[in-house]
Amino acid sequence: MSKDMRSTASLACFTGEPLFPETLSVGRPQSGDTDRFFDRLRDMFSRNWLTNHGPMVQELEAAVEVRLDVKHAIAFCNGTVALEMMLRAQEIKGEVIVPSFTFIATVHAIRAAGLMPVFSDIGSTHLLDPDAVERAVTPNTAAILGVHTWGQGCEIERLQFLADQHGLKLLFDAAHAFDCTYRGRPLGGFGVCEAFSLHATKVFHSFEGGLVTTQDDAVAHRLRLMRNFGFSDYDTVVCAGGNGKLSEPAAAMALTNLESLSSFISVNRELHEVYRRSLQGIPGVGLLDYDPRERQNHQYVVLEIDQDGFGMSRDQLLRILQAENILARRYFYPSCHRMEPYRTLDPEAGHRLPVTTSLCERVLVLPTGGQIAPIDAEDIAHLIGFCQREAGAIRARWEHDA
Ligand SMILES: *Cc1c(COP(=O)(O)O)cnc(C)c1O
Numbered sequence: 024m025s026k027d028m029r030s031t032a033s034l035a036c037f038t039g040e041p042l043f044p045e046t047l048s049v050g051r052p053q054s055g056d057t058d059r060f061f062d063r064l065r066d067m068f069s070r071n072w073l074t075n076h077g078p079m080v081q082e083l084e085a086a087v088e089v090r091l092d093v094k095h096a097i098a099f100c101n102g103t104v105a106l107e108m109m110l111r112a113q114e115i116k117g118e119v120i121v122p123s124f125t126f127i128a129t130v131h132a133i134r135a136a137g138l139m140p141v142f143s144d145i146g147s148t149h150l151l152d153p154d155a156v157e158r159a160v161t162p163n164t165a166a167i168l169g170v171h172t173w174g175q176g177c178e179i180e181r182l183q184f185l186a187d188q189h190g191l192k193l194l195f196d197a198a199h200a201f202d203c204t205y206r207g208r209p210l211g212g213f214g215v216c217e218a219f220s221l222h223a224t225k226v227f228h229s230f231e232g233g234l235v236t237t238q239d240d241a242v243a244h245r246l247r248l249m250r251n252f253g254f255s256d257y258d259t260v261v262c263a264g265g266n267g268k269l270s271e272p273a274a275a276m277a278l279t280n281l282e283s284l285s286s287f288i289s290v291n292r293e294l295h296e297v298y299r300r301s302l303q304g305i306p307g308v309g310l311l312d313y314d315p316r317e318r319q320n321h322q323y324v325v326l327e328i329d330q331d332g333f334g335m336s337r338d339q340l341l342r343i344l345q346a347e348n349i350l351a352r353r354y355f356y357p358s359c360h361r362m363e364p365y366r367t368l369d370p371e372a373g374h375r376l377p378v379t380t381s382l383c384e385r386v387l388v389l390p391t392g393g394q395i396a397p398i399d400a401e402d403i404a405h406l407i408g409f410c411q412r413e414a415g416a417i418r419a420r421w422e423h424d425a
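So the sequence shown is residues 24 to 425, counted in the numbering used here.
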């Protein structure tokens with residue numbers, strides 16, 4: 024390791040220099056060839072077609088339809104608006120079953136669409152637990168909104184069975200899941216609709232952007248109208264809508280990034296493998312393993328820290344890593360049911376969410392992507408191993424300094 028790790032004093036949270044001179048963060052943007060991007064912008068200015076379903080948005084939608092093998096891809100200005108319009112396009116009322124272990128936008132979109140979120144617990148892979156979903160179904164349930172967390176497909180077959188049995192719409196937040204598969208088929212083509220985010224922190228970005236994918240012609244038609252205020256032609260508005268349009272510069276960024284996406288993913292895949300190898304055998308550290316039969320974008324390197332086995336809590340480890348300029352992150356902490364307005368709407372939700380509640384205290388996501396070299400991932404893993412071995416001494420020093 025590039026720094027002497029023989030004593031706890033060498034930790035940056037005590038008296039040492041940070042392991043990394045510059046911060047390594049989760050979700051640092053990965054962008055393709057900027058020359059290609061600027062060429063596209065020059066073409067855009069010569070056309071002077073800047074937004075309103077421009078040629079680059081159309082090209083992007085067609086490229087996504089091919090890549091995800093889906094009939095319709097509709098581009099939006101961001102992932103949250105994509106989720107909201109996807110929900111509104113279902114023309115439903117009542118409750119939507121959703122995990123609490125998700126980014127808050129999933130749940131805000133349900134509220135914004137005039138629907139009521141009902142939180143369901145998750146299973147050991149951090150995905151919606153179909154048994155918990157079944158228990159949450161009431162006569163008011165209108166839809167299930169699953170989240171393909173970390174790019175892993177939900178248990179789609181069981182959720183689809185429940186949806187069919189109870190007459191519910193099955194929808195997915197696929198914000199993490201671009202270029203990932205379920206049973207060998209790209210995510211994007213399941214349920215009624217799926218929504219993606221093209222935010223700068225995601226594996227495939229357009230600065231800000233989103234997509235809804237669907238196999239349903241009627242839903243796709245409605246979404247295209249809704250995205251543009253409900254206009255069917257210059258002077259005719261045929262439905263409620265809003266402004267969900269993606270701009271041409273954003274589409275130019277997405278098209279450029281699509282050209283490099285496979286190489287971003289292979290960098291991520293290699294780093295994930297280095298982390299896996301280097302973290303192996305450290306007590307109390309579990310690395311979430313992805314199903315090797317599925318394609319993954321490896322955008323998230325997800326640890327579970329077990330305080331008893333590791334010797335310190337996730338938050339204590341996080342404090343050490345941050346001092347070393349490793350900006351690892353807690354995820355979905357403290358989870359949606361403990362954030363407003365949901366905490367007030369359903370103060371008892373936590374009782375139904377034991378896995379969510381305990382997972383929130385343990386999850387830690389490590390930096391990955393082009394800014395990290397394999398040797399950095401190794402150093403980070405070795406530092407985590409050092410913290411485990413020296414946990415007692417580190418805690419004693421904190422107590423002493425306090
Ligand atoms: C990023 C994200 C969103 C929101 O997408 P934006 O494009 O940032 O609006 C929604 N759900 C999940 C799970 C996300 O990670």
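Even for Gly, the Cβ is constructed at its ideal location relative to N, Cα and C.
Quick one: what does DSSP say Leu326 is sitting in, helix, strand or coil? When secondary structure is reduced to three states using DSSP, Leu326 falls in the strand class.
Does ligand 1 have a heavy atom nearer than 6 Å to the CB of Ser220? Correct: Ser220 has its Cβ closer than 6 Å to ligand 1.
So is Ile398 buried or exposed if we call it buried at 16+ other beta carbons inside 10 Å? Ile398 should be labelled exposed.
Following the continuous alpha helix (DSSP H) through Asp402, name the residue where it begins and the one where it ends. In the DSSP assignment, Asp402 falls within the alpha helix (DSSP H) that extends over 397 to 412.
In whole angstroms, give me the CA-to-CA distance for Phe37 and Leu389. If you take the alpha carbons of Phe37 and Leu389, they lie about 22 Å apart.
Report all residues from its chain with a CB closer than 8 Å to the CB of Arg90; omit the five preceding and five following residues, and keep chain order. A distance below 8 Å between beta-carbons, with the five flanking residues on each side excluded, links Arg90 to the following residues of its chain, in chain order: Asp202, Pro209, Leu281.
Return yes when the Cβ of Gly117 is within less than 7 Å of the Cβ of Asn75, no when it is not. Going by C-beta atoms, Asn75 is not nearer than 7 Å to Gly117.
Own chain residues within Cβ distance below 6 Å of Gly50, not counting five before or after: Thr224.
How should Ser229 be labelled, buried or exposed, when 16 other C-beta atoms within 10 angstroms of its C-beta is the threshold for buried? It counts as buried.
Quick one: using the 10 Å Cβ neighbour count with 16 as the cut-off for buried, is Ala136 buried or exposed? Classification of Ala136: buried, given that the 10 Å Cβ count is 16 or more.
Opposing strand residues paired with His95 [DSSP bridges]: Under DSSP, His95 takes part in a beta bridge, and its partners are Thr237.
Could you check if Gln411 is buried or exposed, using at least 16 other CB atoms within 10 Å of its CB as the buried criterion? The Cβ neighbour count for Gln411, taken over all protein chains shown within 10 Å, is at least 16; the residue is labelled buried.
If Gly265 and Met249 are in contact, beta carbons under 8 Å, what's the gap, nearest whole angstrom? In this structure Gly265 touches Met249 by the C-beta definition: roughly 7 Å separates them, less than 8 Å.
Rounded separation between Arg385 and Leu310 - CA only: Cα-Cα distance, rounded: 11 Å.
Residue(s) in a DSSP beta bridge with Pro209: In DSSP, Pro209 forms a bridge with Thr204.
So, Ser358 versus Thr379, is the Cβ gap smaller than 7 Å? Yes, these two residues count as a Cβ contact at 7 Å.
Ligand 1 and Asp202: does the residue's C-beta get closer than 6 Å to at least one heavy atom of that ligand? Not so, every heavy atom of ligand 1 lies at least 6 Å from the Cβ.
Are Tyr323 and Trp173 closer than 7 Å when you measure CB to CB? Against a cut-off of 7 Å, the Cβ pair of Trp173 and Tyr323 comes out as a contact.
Unbroken alpha helix (DSSP H) runs of length 4 or more, entirely within the segment 257 to 330: which are they? Segments of the alpha helix (DSSP H) lying fully in the segment 257 to 330: 271 to 302.
On the criterion of 16 or more Cβ atoms from any shown chain inside 10 Å, does Lys94 qualify as buried, or is it exposed? Under this definition Lys94 is an exposed residue.
Roughly how many whole angstroms lie between the Cα atoms of Tyr313 and Arg337? Rounded to the nearest whole angstrom, the C-alpha separation of Tyr313 and Arg337 is 21 Å.
Ile120: first and last residue of the uninterrupted beta strand (DSSP E) it sits in: Counting along the chain, the beta strand (DSSP E) containing Ile120 begins and ends at 118 to 122.
Taking 6 Å as the line, does the beta carbon of Asn227 fall inside it for any heavy atom of ligand 1? Here residue 227 turns out to be Phe, not Asn, going by the sequence shown. Checking the Cβ of Phe227 against ligand 1 gives no.
Taking the Cβ atom as the reference point for each residue, do Leu47 and Ala274 lie within a distance shorter than 7 Å? In this structure, Ala274 does not lie closer than 7 Å to Leu47 by Cβ.
Secondary structure of Gly39, DSSP reduced to three states: DSSP places Gly39 in coil when its eight states are reduced to three.
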